[in-house]
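Q: Sharing a structure, written as structure tokens. Questions coming.
Numbering (the numbering used here), first residue to last: 5 to 258.
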């Protein structure tokens, strides 16, 4: 973690003496996640840029007073935005299944709820726990966590549990972590193509669950592209809110 950010958090934490140790750690963790979200939104990577951003914020002692007075507000904000971002992902994927693929409405609705709430919102709620890891480790953890969170997706079929549904959740987690920062356009275009190919190799070649037919490729590709677009929209939505939260520049206050 940035030394400037660490020092800022220590100063804020020292001003939260009125809270219990457990609650103080939770508040600092929420604050850290919020600041890292804003730093990502602003493309901050260097120590000097982080120091400049923090210099725009409230003095740590004043911020500690505000957080202590309304210490549940920021957590509620993050929970609400996580829910809204997950809804974006769920509506996009469930809508695609119902409108373009012709699934029954209750299957599409169940998929939307599982993909949006369990996978999408779940990812945003727990992401703060691995923010200090290296980028490759963050991506690996995100894939593993969202694969577990996507277990409800396995039941969104007509015939029992389908384990390959979990791969859609893992793919969503991969995209969410990868696109937490800006990526080149060619990478974004390549990701759904590669995942579509892997799904057909697994389903038709390895497991033999389906028969490969060329006409199915565009439909599967469009669904995976929908996941990508919904993830990009949800992450941009989160970034926008991260820039407009409690920690506003000092010159904008009053």
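Backbone N, C-alpha and C fix where the C-beta goes; we use that ideal spot for every residue, glycine too.
For the alpha helix (DSSP H) containing residue 65, list its first residue and its last residue.
A: Segment 64-73, the alpha helix (DSSP H) holding residue 65.
Q: Sort 9, 225 and 228 by Cα distance to residue 51 and report the nearest one.
A: 9
Q: Would you decide whether residue 123 is buried or exposed? Buried here means 16 or more other CB atoms lie within 10 Å of its CB.
A: buried
Q: Do residue 142 and residue 134 have their CB atoms nearer than 8 Å?
A: Closer than 8 Å, so yes.
Q: Hey, is residue 236 close to the ligand ADP, as in C-beta under 7 Å from one of its heavy atoms?
A: Inclusion of the ligand ADP in the displayed structure is not the case, the ligand content being empty and no account of it being possible.
Q: Please report the Cβ distance between residue 85 and residue 242, rounded to the nearest whole angstrom; I am assuming they are in contact, meaning their Cβ atoms lie under 8 Å.
A: 6 Å
Q: Which runs of the alpha helix (DSSP H) fall wholly inside the stretch 178-227 and span at least 4 residues, in chain order?
A: 189-204
Q: Compare the C-alpha of residue 231 against each of 178, 139 and 69 and name the closest.
A: Checked all of 178, 139 and 69; the closest Cα to residue 231 is 178.
Q: Mapping the DSSP letters down to three states, classify residue 48 as helix, strand or coil.
A: Annotated three-state conformation of residue 48 is coil, per DSSP.
Q: Drop a sphere of 10 angstroms on the beta-carbon of residue 59, count the other beta-carbons inside from all chains shown, and report buried for 16 or more, exposed for fewer.
A: exposed
Q: Could you pull out every residue in the same chain whose Cβ sits closer than 8 Å to the Cβ of residue 239, ignoring the five residues on either side in sequence?
A: 89, 180, 183 and 184
Q: Under the three-state reduction of DSSP, which class applies to residue 104: helix, strand or coil?
A: coil
Q: Return the Cβ separation of residue 196 and residue 228 in integer angstroms, given the expectation that the two are a contact with Cβ distance under 8 Å.
A: 4 Å
Q: Helix, strand or coil for residue 99? Go by DSSP, reduced to three states.
A: helix
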